[in-house]
Amino acid sequence: MTSGRGAWITLEGGDGSGKTTQANLLADWLTDAGRTVVRTREPGGSEVGQLIRDIVLHHRGDIAPRAEALLYAADRAHHVATVVRPALDRGEIVLQDRYLDSSVAYQGAGRVLDGTEIRDLSLWAAEGALPDLTLLLDLDPDAARERLDSADKPFDRLEAEKAEFHGRVRDAYLALAAEEPDRFLVLDASASVAEIAAAVRARVEELLG
Ligand code: TYD
Numbered sequence: 042m043t044s045g046r047g048a049w050i051t052l053e054g055g056d057g058s059g060k061t062t063q064a065n066l067l068a069d070w071l072t073d074a075g076r077t078v079v080r081t082r083e084p085g086g087s088e089v090g091q092l093i094r095d096i097v098l099h100h101r102g103d104i105a106p107r108a109e110a111l112l113y114a115a116d117r118a119h120h121v122a123t124v125v126r127p128a129l130d131r132g133e134i135v136l137q138d139r140y141l142d143s144s145v146a147y148q149g150a151g152r153v154l155d156g157t158e159i160r161d162l163s164l165w166a167a168e169g170a171l172p173d174l175t176l177l178l179d180l181d182p183d184a185a186r187e188r189l190d191s192a193d194k195p196f197d198r199l200e201a202e203k204a205e206f207h208g209r210v211r212d213a214y215l216a217l218a219a220e221e222p223d224r225f226l227v228l229d230a231s232a233s234v235a236e237i238a239a240a241v242r243a244r245v246e247e248l249l250g
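Numbering (the working numbering), first residue to last: 42 to 250.
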């Protein structure tokens with residue numbers, strides 16, 4: 042993003058791909074190096090966003106696809122305006138679980154909505170803001186499902202979707218990364234935690250100079 046002096050890094054990937062583990066390791070590493078890190082996420086990175094998160098992830102029953110896309114976009118609009126931009130303007134590093142690529146991959150994978158429309162909606166919501174770097178943890182959906190099953194947590198609405206849906210999410214992510222190779226770093230999420238962390242650090246060092 043051009044307006045801020047800080048750096049904005051997002052993490053993307055299917056459910057169970059290890060985003061949070063890597064985000065925590067990267068945050069600790071940056072903090073130890075003396076940087077100020079803002080850890081945040083979508084949906085739910087702001088107070089208003091928490092309310093929206095509760096609706097989109099835990100509402101029992103269907104949400105019309107366009108309503109769902111608009112809820113994610115509303116969360117994004119408020120989050121970028123009140124959390125992300127102010128932090129970047131203060132020169133901080135924003136480390137964020139999920140951003141608009143999640144909307145394109147997940148809402149687009151439902152097949153009802155068009156990926157370009159979803160991306161345009163998100164860009165409108167966020168006034169065109171794009172991260173400096175997006176780390177994509179790429180994992181075969183079957184392997185991801187095994188990890189989620191062993192985590193012993195109840196599934197949210199999207200985690201409970203069928204394997205076929207998660208295959209489409211993965212394909213959509215890889216297509217997005219191919220379209221914007223400078224913004225994305227694709228990581229093989231089946232590698233060890235340490236190996237992935239090392240690749241992430243190398244790329245972030247490059248970014249921060
Ligand atoms: P998240 O809190 O990252 O869950 P997890 O830790 O299991 O990855 O994300 C919650 C869900 O929200 C996830 O299944 C993906 C979905 N999601 C969308 O469908 N569209 C979006 O725009 C975003 C940000 C998330």
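Every residue, glycine too, gets a C-beta built ideally from N, C-alpha and C.
Item	Value
Per DSSP, the bridge partner or partners of L178	G54 and L228
Top-ranked residue by Cα proximity to F49, from A68, T62 and G57	At residue 49 the sequence reads Trp, which differs from the Phe that was named. When only C-alpha atoms are compared, the closest one is A68.
L199 Cβ short of 6 Å to the ligand TYD heavy atom set	yes
For D138, the three-state DSSP class (helix, strand or coil)	strand
With 16 other Cβ atoms within 10 Å as the buried cut-off, status of G169	exposed
Beta-carbon contacts of V78 that lie in its chain and below 6 Å, excluding the five residues immediately before and after	A68, L71, T72, I134 and L136
Distance cut-off 6 Å: D69 Cβ against heavy atoms of the ligand TYD	no
Integer-rounded CB distance, given that E83 should sit under 8 Å from H120	6 Å
Short CB-CB distance (under 7 Å) between P127 and chain D	In the structure shown, chain D cannot be found, because there is only a single protein chain.
Unbroken alpha helix (DSSP H) run spanning T62, endpoints	K60 to D73
Contact set for G85: own chain, Cβ-Cβ below 6 Å, skip 5 residues either direction	Q91 and R94
Helix, strand or coil at T81 according to DSSP, with G and I counted as helix	strand
Backbone secondary structure at T43 - three-state DSSP	With a pLDDT of 43 at T43, under the threshold of 50, the modelled position of that residue is not reliable, and no figure is offered here.
Residues that DSSP places opposite A238 in a beta bridge	DSSP, once it has assigned bridges, lists no residue as partnering A238.
Beta bridge counterpart(s) of V48 as assigned by DSSP	Note that residue 48 corresponds to Ala in the displayed sequence, not to Val. A48 pairs with I134.
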